[in-house]
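Heads up: the protein sequence lines correspond to chains A, B, C, D, E and F, in order. This note's numbering numbers the first residue of the first sequence as 5 and each following residue consecutively. This note's numbering numbers the first residue of the second sequence as 5 and each following residue consecutively. This note's numbering numbers the first residue of the third sequence as 5 and each following residue consecutively. This note's numbering numbers the first residue of the fourth sequence as 5 and each following residue consecutively. This note's numbering numbers the first residue of the fifth sequence as 5 and each following residue consecutively. This note's numbering numbers the first residue of the sixth sequence as 5 and each following residue consecutively. So the structure is just underneath, and the comments pick up after that.
Number of protein chains: 6
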Amino acid sequence: MFYHDKKLQYEVRVEKPNPAFAKLLQQAIGGIEGEIRVCLQYLFQAWGARGPNKYRDMLLDTGTEEISHIEMLSTAVALNLEGATVELKDKIAGENAIVGSILGGMDPRHLLSSGLAAMAVDANGVPFNGSWVVGSGNIAADMYANVMAESTGRVLATRLWQLTDDPGMKDMLAFLIARDSMHQNQWLAVLEDLGGFNANLPIPNTFPENEQVNEFAYTFVSTNIEKPEPPQARWASGPSMMAKVNLNMPMLSH
Amino acid sequence: MFYHDKKLQYEVRVEKPNPAFAKLLQQAIGGIEGEIRVCLQYLFQAWGARGPNKYRDMLLDTGTEEISHIEMLSTAVALNLEGATVELKDKIAGENAIVGSILGGMDPRHLLSSGLAAMAVDANGVPFNGSWVVGSGNIAADMYANVMAESTGRVLATRLWQLTDDPGMKDMLAFLIARDSMHQNQWLAVLEDLGGFNANLPIPNTFPENEQVNEFAYTFVSTNIEKPEPPQARWASGPSMMAKVNLNMPMLSH
Amino acid sequence: MFYHDKKLQYEVRVEKPNPAFAKLLQQAIGGIEGEIRVCLQYLFQAWGARGPNKYRDMLLDTGTEEISHIEMLSTAVALNLEGATVELKDKIAGENAIVGSILGGMDPRHLLSSGLAAMAVDANGVPFNGSWVVGSGNIAADMYANVMAESTGRVLATRLWQLTDDPGMKDMLAFLIARDSMHQNQWLAVLEDLGGFNANLPIPNTFPENEQVNEFAYTFVSTNIEKPEPPQARWASGPSMMAKVNLNMPMLSH
Amino acid sequence: MFYHDKKLQYEVRVEKPNPAFAKLLQQAIGGIEGEIRVCLQYLFQAWGARGPNKYRDMLLDTGTEEISHIEMLSTAVALNLEGATVELKDKIAGENAIVGSILGGMDPRHLLSSGLAAMAVDANGVPFNGSWVVGSGNIAADMYANVMAESTGRVLATRLWQLTDDPGMKDMLAFLIARDSMHQNQWLAVLEDLGGFNANLPIPNTFPENEQVNEFAYTFVSTNIEKPEPPQARWASGPSMMAKVNLNMPMLSH
Amino acid sequence: MFYHDKKLQYEVRVEKPNPAFAKLLQQAIGGIEGEIRVCLQYLFQAWGARGPNKYRDMLLDTGTEEISHIEMLSTAVALNLEGATVELKDKIAGENAIVGSILGGMDPRHLLSSGLAAMAVDANGVPFNGSWVVGSGNIAADMYANVMAESTGRVLATRLWQLTDDPGMKDMLAFLIARDSMHQNQWLAVLEDLGGFNANLPIPNTFPENEQVNEFAYTFVSTNIEKPEPPQARWASGPSMMAKVNLNMPMLSH
Amino acid sequence: MFYHDKKLQYEVRVEKPNPAFAKLLQQAIGGIEGEIRVCLQYLFQAWGARGPNKYRDMLLDTGTEEISHIEMLSTAVALNLEGATVELKDKIAGENAIVGSILGGMDPRHLLSSGLAAMAVDANGVPFNGSWVVGSGNIAADMYANVMAESTGRVLATRLWQLTDDPGMKDMLAFLIARDSMHQNQWLAVLEDLGGFNANLPIPNTFPENEQVNEFAYTFVSTNIEKPEPPQARWASGPSMMAKVNLNMPMLSH
């Protein structure tokens with residue numbers, strides 16, 4: 005069961021409201037790299053977990069924390085939109101170019117649909133989509149899905165941090181960046197806890213190795229019709245990441 | 005900020021797992037009448053609220069409660085899918101008609117994608133869509149949106165209740181039906197608290213009445229080319245719901 | 005069966021075309037608060053109606069009227085885009101900032117995809133989505149869905165009215181605002197006609213009251229872990245909106 | 005402006021209700037080949053038309069007719085669902101296989117969401133999507149879009165016709181098939197009216213021919229690395245469909 | 005099976021990077037008129053083809069070519085975004101109007117999500133949608149779908165050509181315009197190869213003509229309640245496009 | 005540039021066509037774990053790559069290979085649908101339960117829309133969505149996205165393998181399972197090639213560590229209000245995965 009209090013997890017303040025930055029923040033709320041996605045992803049993984057309780061518990065802990073991040077970002081959107089109406093009403097009736105420069109930089113639906121509040125959409129107004137909530141029932145696959153979500157999430161947060169000079173926004177984003185670091189830590193730690201990276205590979209590691217068509221399982225396939233030399237690369241020769249088997253030479257299929 | 009414990013808000017048990025019922029329950033999780041929608045809708049309305057704190061607080065209280073409902077329903081889906089794999093593996097290789105009767109009744113992605121767990125989709129596998137999260141910044145409009153959400157949600161829950169004989173499922177649904185009753189109560193109570201139904205109408209009630217084209221504001225328009233008699237109906241004559249003005253006779257535009 | 009003539013329901017004129025305003029108008033055509041949604045919602049409710057003919061007839065009347073509103077708004081979009089090409093071709097090749105200020109304010113697909121005409125999308129170019137067409141088969145639930153649609157629609161129309169100084173656009177929107185008032189009237193009148201608000205509650209009112217878990221049906225649940233005093237609010241004590249039962253004190257679940 | 009009466013354009017009757025056929029009919033309502041799409045496509049093309057009035061008028065005529073087709077099909081869905089509830093309630097609590105065979109054949113949302121009425125979705129419950137409404141501002145391109153819509157629509161209708169033995173349904177579909185024939189006629193007649201097929205090609209025919217990279221404009225490109233003989237085919241040699249220019253030999257790019 | 009080399013099909017160069025033009029180019033990649041759509045449409049039609057191999061082979065040839073067009077356009081997007089970061093970081097912290105004029109003209113997700121690379125979305129950031137991939141199993145219907153796709157695609161390409169002054173972009177688009185001409189040629193040639201336009205009509209031409217309700221198959225239906233004179237138009241009288249039958253006078257249904 | 009020949013990458017044969025299995029295979033074509041997603045993801049990452057050519061080249065190699073996998077799976081769908089029409093036409097007119105058992109097991113759009121061919125949709129008919137194509141411009145983040153895609157893809161393929169007894173289908177899937185193993189290898193090898201897992205962490209590793217709020221960067225946050233003991237888990241204490249810093253004790257925020 006879930007509870008709340010009236011605090012935010014970390015302070016959110018905006019010194020100079022900026023409707024264009026409110027639009028950018030929407031990507032971190034309702035975008036595929038955003039907080040609604042990780043929140044629901046961790047919670048659904050927890051609710052469907054059939055393995056050891058320790059993973060389920062951690063997923064619940066962090067899934068719940070992500071709701072607090074949606075809350076922080078939604079608060080930040082509302083603060084960045086503060087006063088937007090007045091400013092816009094003055095300018096909208098003017099010359100087209102000005103209208104464009106104002107409205108083009110903000111999400112028009114912040115004005116028209118939400119009344120200057122955050123929405124469950126990305127920076128282009130594309131709605132959050134439940135298909136992004138990945139939980140496969142295979143814990144190693146899910147941990148990689150989670151590392152991926154936190155990685156693209158932290159990439160997004162650092163880009164937002166670079167795009168603002170507002171000290172309040174920089175501080176909030178620096179906090180979220182820190183949490184994304186820790187969450188990357190967590191999901192990778194689960195992989196280690198499951199026996200280390202190698203032990204989990206290939207995913208799913210329960211599929212009997214002799215059932216796959218093994219001559220294709222450790223072979224780099226080039227589809228380049230110029231038939232280049234086999235690459236002297238880590239992924240084309242030497243030990244496989246997942247077994248003692250060596251990788252084969254590239255196979256050219258034509 | 006948000007918290008959890010390991011309890012469910014209300015007991016969830018399934019006596020006889022039924023994968024076809026798991027599919028139906030998805031409508032109450034990721035469908036437009038479902039719990040993800042009301043959860044996010046109330047929370048986003050709270051985070052964007054600029055009015056009196058009492059409404060914001062209540063929205064947070066109930067939005068948070070709805071996460072617990074998603075949790076209950078997701079647990080119910082997982083319990084209804086318990087053991088489905090074994091049963092399916094036995095039958096799937098058989099004759100087509102049988103495959104159809106088994107797989108047709110369940111969501112194939114419960115088997116293929118989620119590993120027998122709930123997903124953020126509706127009963128047809130259509131993903132939850134963030135556009136369903138309505139918050140307009142106008143509190144009366146939002147309360148009607150919330151009454152609508154709880155009404156269609158309770159209609160859905162009663163239909164699910166009728167479609168199962170499992171005592172555990174009936175009990176869980178009877179609880180959710182009760183909460184939907186209370187939530188209808190709450191949103192209507194806010195409308196009363198705002199001055200009563202009439203005082204809020206038309207929504208938004210801040211738009212100056214003399215600015216609308218009033219000759220069309222209290223007139224029922226029939227588009228029936230058979231030009232029927234003006235209906236002797238509550239919506240075509242007598243006092244308007246929103247003002248002392250009387251409704252006009254139907255206007256036929258051709 | 006449906007018919008048309010070549011008139012518009014109300015005059016649509018634009019004194020000074022404004023491509024940025026054309027983009028905003030799209031929200032009222034293909035957005036969740038827009039006219040395609042109410043048009044299809046009322047028509048589908050009519051076509052599925054199994055109750056008294058009088059409601060079906062009214063739904064057909066008003067659903068048909070809404071097609072005329074899509075027509076007016078689509079005409080308004082086309083008029084606001086008049087001449088956009090020439091202006092844009094002159095400027096697009098120029099400096100980036102100018103390109104941004106022009107194109108940023110308009111929907112680029114008005115230029116690229118539709119040839120300066122309206123599309124079935126919202127103000128961000130997100131396509132109309134059939135999931136927004138709500139018809140539950142429960143007439144009270146559907147009336148609340150309709151009130152909600154007209155309320156958010158009128159909120160949108162008033163915001164559009166505030167954002168333009170074009171006399172033609174202000175006049176057209178003032179007409180649509182008036183019709184949204186009347187339509188709010190109509191749906192509320194149906195609720196009254198069905199026996200008054202109380203008689204319909206909770207929705208669906210056919211579910212046997214003793215089957216719901218009644219101890220939770222009239223109880224406000226706070227999820228605030230700070231365990232505040234029970235709110236002295238209309239939604240936490242006093243008579244329920246839907247029965248003679250009194251609301252209970254808040255229940256804190258932890 | 006739009007009007008209606010209470011008749012259907014053609015009789016709709018169902019002798020033996022079949023919920024599984026109701027699901028199939030949804031494709032003709034809310035699918036990409038369905039009637040909502042052609043209805044909105046023709047109307048939006050009309051509302052955006054800047055050319056001769058005769059085309060606009062015809063688009064309005066036929067767009068309006070398509071609303072009547074949505075109405076017929078929605079009525080057919082409701083009739084096919086008649087009585088479904090009772091039958092389902094009896095069987096749903098039974099053994100899984102039976103549940104599957106019943107529910108698998110029908111759209112569960114016809115039961116859960118719409119109360120036995122049509123919805124704005126396709127045969128898999130995927131919502132109608134506004135992106136399917138094509139209007140490019142180029143009348144020849146739009147006529148091909150319309151021929152394509154009527155062609156895939158008529159293919160769908162004939163498949164539905166083959167899948168039912170209900171005389172009422174067969175009759176309704178035979179009517180819709182006839183209308184799809186006529187509408188194919190109409191859009192092709194516009195192309196002829198514009199000067200004949202050749203005169204419109206390539207689309208858009210206003211782009212100055214010498215501006216395209218002409219060495220690639222009449223040349224069939226094979227991407228087959230086996231370098232087959234140039235095909236002796238209509239599309240690889242002989243006169244171009246759109247000009248006096250002859251088609252070139254295939255060009256192999258590697 | 006598929007192969008590649010490291011060349012582009014045609015040179016792509018950008019003299020002056022323009023992030024706003026990168027946004028417009030996205031329509032030609034991930035929009036409904038774009039290259040992902042035609043690529044997948046032709047390939048899926050080929051993979052599902054049950055008719056003569058010559059059509060399947062051609063579909064594979066051209067479907068494969070379209071991958072090369074996605075590649076060219078994605079390269080063009082990346083080149084137009086070159087250097088955008090630096091420029092943006094300098095300006096973003098400035099005054100809102102400037103932020104709007106910069107960010108409004110570009111897709112913010114090019115900055116936030118993709119790191120200055122193309123994405124599988126349209127010019128408004130709306131994701132590519134698999135429903136646009138049309139393959140009906142009826143080859144004549146599919147050819148019209150393909151003509152339509154190439155026609156709207158060429159209309160789009162010519163508009164992009166008009167909106168840029170960059171010589172590299174103009175040259176690349178002139179090449180794509182030429183290929184769209186040829187592809188229109190190809191699909192129309194298939195229709196001719198199948199026996200000529202008339203022989204394929206109505207589509208599907210395998211449905212027995214006497215089974216459709218023929219009195220409605222050659223009759224123009226006006227839905228105009230003003231009952232205008234029957235139009236003296238190609239689509240209302242004279243020989244049908246698809247048979248020796250003459251078109252009837254317009255039927256007015258009320 | 006891209007090329008093809010007429011071979012498949014690996015043999016595809018179906019001994020006993022099974023329309024229900026055709027529906028399941030759609031998940032591997034158009035689902036979020038499917039081949040269209042990985043194909044476009046690797047190609048878009050390649051086209052946007054600004055780093056060393058060796059990664060770009062490999063992405064092109066494997067992205068191109070994935071087109072061949074879509075081709076194999078689409079061929080498998082068509083083969084599994086072979087003959088479905090005849091069988092269905094015989095049975096569809098029969099009793100509802102039988103209709104349900106046949107049609108419920110297959111995708112009705114395989115019959116209605118595609119004419120027994122594969123479509124760009126998942127196992128529930130939900131269209132492929134371009135938002136799933138992830139390319140962030142950060143190569144480490146993208147490699148985790150790719151490992152995740154191949155992991156969930158291989159989980160899916162093994163489940164499909166378990167659900168069929170057809171020797172041809174088992175063989176094809178065993179091949180695809182092998183390729184998914186190799187591709188997991190490749191993306192992990194890139195991470196190693198970039199300096200090893202630790203060197204890339206946290207992602208993005210270019211963000212200056214001292215700018216994040218470091219007190220939160222190595223601290224496990226429990227949101228459990230029952231305030232459990234700090235977990236003795238790999239993710240709550242001991243060395244961080246990404247630095248020499250030790251993880252902190254859990255922080256409870258209330």
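All residues carry an ideal CB built from backbone N, CA and C; glycine is no exception.
request  = Would you give the residue range spanned by the beta strand (DSSP E) that S226 (chain F) belongs to?
outcome  = Where S226 (chain F) is concerned, the enclosing beta strand (DSSP E) stretches over 223-226.
query = Is there at least one Cβ from chain C nearer than 8 Å to E230 (chain E)'s Cβ?
reply = Yes, because at least one Cβ of chain C sits closer than 8 Å to the Cβ of E230 (chain E).
task = Go to F48 (chain C), then tell me how far its alpha helix (DSSP H) extends in each direction, as first and last residue.
result = First-last of the alpha helix (DSSP H) with F48 (chain C): 39-52.
query = Can you list the residues of chain C that L115 (chain A) reaches, using a CB-CB cut of under 7 Å?
reply = Result: R163.
query = Secondary structure at Y14 (chain F), three-state DSSP: helix, strand or coil?
reply = For Y14 (chain F), the secondary structure class from DSSP, reduced to helix, strand or coil, is coil.
query = What are the boundary residues of the beta strand (DSSP E) that F6 (chain D) is part of?
reply = Note, F6 (chain D): beta strand (DSSP E), 6-8.
query = Whose C-beta lies closer than 7 Å to the C-beta of S140 (chain B) among residues of the same chain, with five residues either side of it excluded?
reply = Excluding sequence positions up to five before and after S140 (chain B), its CB lies within less than 7 Å of the CB of D146, all in the same chain and listed in chain order.
key: Nearest neighbour of A221 (chain A), chosen from F:M186, F:I71, F:D111 [CA to CA]   = It is F:M186.
query = Exposed or buried, which one is E69 (chain C) when buried takes at least 16 other CB atoms within 10 Å?
reply = The C-beta of E69 (chain C) has 16 or more other C-beta atoms within 10 Å across all chains shown, which makes the residue buried.
Where V125 (chain A) falls: helix, strand or coil (DSSP) = Collapsing the DSSP output to three states places V125 (chain A) in a strand.
task = Would you verify that the beta carbon of K174 (chain B) is, or is not, closer than 8 Å to some beta carbon of chain D?
result = No, because no Cβ of chain D sits closer than 8 Å to the Cβ of K174 (chain B).
message = Given a cut-off of 8 Å on the beta-carbon distance, is the pair N57 (chain A) and A144 (chain A) in contact?
response = Contact flag unset, no.
message = Just to confirm before moving on: does the CB-CB distance between L164 (chain A) and L28 (chain A) stay below 8 Å?
response = Cβ distance < 8 Å, so L164 (chain A) and L28 (chain A) count as in contact.
request  = Return no unless some Cβ of chain F is closer than 8 Å to the Cβ of N128 (chain B).
outcome  = At a cut-off of 8 Å between beta carbons, N128 (chain B) contacts chain F.
key: Residues, ordered as in the chain, of the segment 19-50 of chain B that lie near chain D by beta-carbon distance below 8 Å   = Taking 8 Å as the Cβ-Cβ cut-off against chain D, the residues of the segment 19-50 of chain B that qualify are N22, P23, A24, F25, K27, L28, Q31, G35, I36, E37.
request  = Give the DSSP bridge partners of N133 (chain F), in chain order.
outcome  = The partner list for N133 (chain F) (beta bridge, DSSP) reads E:N133.
task = With DSSP as the reference, please indicate the residues paired to P212 (chain A) in a beta bridge.
result = According to DSSP, P212 (chain A) shares a beta bridge with no other residue.
ask   = Is it right to say E230 (chain B) is buried, meaning 16 or more other beta carbons lie within 10 angstroms of its own, or is it exposed?
value = By the 16-neighbour rule on beta-carbons within 10 angstroms, E230 (chain B) is exposed.
task = Return the residues of the segment 209-241 of chain E that lie within a Cβ-Cβ distance of less than 8 Å from chain C, sorted by chain order.
result = Contact residues of the segment 209-241 of chain E toward chain C are T227, N228, I229, E230 (C-beta to C-beta distance below 8 Å).
task = Flag this pair as touching only if the segment 160-174 of chain F and the segment 58-77 of chain F have three or more C-beta atom pairs under 8 Å; answer yes or no.
result = With the cut-off at 8 Å, the segment 160-174 of chain F and the segment 58-77 of chain F do not touch.
inquiry  = Quick check: the Cα distance between M245 (chain D) and W191 (chain E), rounded to an integer number of angstroms?
reply    = If you draw a straight line from the Cα of M245 (chain D) to the Cα of W191 (chain E), it comes to about 10 Å.
C-beta atoms of E39 (chain F) and L77 (chain F) nearer than 8 Å = For the pair E39 (chain F) and L77 (chain F), the CB atoms are nearer than the 8 Å cut-off.
query = Do you know how far the Cα of Q188 (chain F) is from the Cα of L261 (chain F)?
reply = Chain F is shown only over 5 to 258; residue 261 (chain F) falls outside these bounds and no answer can be derived.
key: Closer than 9 Å at the beta carbon, the chain D residues around N250 (chain C)   = Near N250 (chain C) there are no residues of chain D at all, since even the closest Cβ is about 32 Å away, more than 9 Å.
message = Please identify, using Cβ separations under 7 Å, the residues of the segment 54-81 of chain D that lie next to chain E, in order along the chain.
response = Look at the segment 54-81 of chain D: the residues with a C-beta under 7 Å from a C-beta of chain E are K58, M62, D65, T68, E69.
ask   = Quick one, which residues of the segment 139-165 of chain C are near chain A if we go by CB-CB under 9 Å, in chain order?
value = The residues in question are T156, V159, L160, R163, L164.
query = Is there at least one Cβ from chain F nearer than 8 Å to D111 (chain B)'s Cβ?
reply = Cβ-Cβ to chain F under 8 Å: yes for D111 (chain B).
ask   = So, is N150 (chain A) buried or exposed, given that buried needs 16 or more other C-beta atoms within 10 angstroms?
value = In this structure N150 (chain A) is buried. Its beta-carbon is surrounded by 16 or more other beta-carbon atoms within 10 angstroms.
Separation of A53 (chain B) from K10 (chain D), as counted between CA atoms = Approximately 45 Å, taken between the alpha carbons.
inquiry  = Output needed for W239 (chain D): all residues of its chain with C-beta closer than 8 Å, excluding positions within five of it in sequence on either side, in chain order.
reply    = Correct list, in chain order: F224, L251.
key: For L251 (chain E): DSSP bridge partner residues   = Its beta-bridge partners are E:G242.
Given V217 (chain A) as reference, the closest of F:A32, F:K174, F:D197 once Cα atoms are compared = Closest by C-alpha distance to V217 (chain A), out of F:A32, F:K174, F:D197, is F:K174.
message = Is there a Cβ of chain C sitting closer than 8 Å to that of H187 (chain D), yes or no?
response = Any Cβ of chain C closer than 8 Å to the Cβ of H187 (chain D) would place that residue at the interface, and such an atom is absent.
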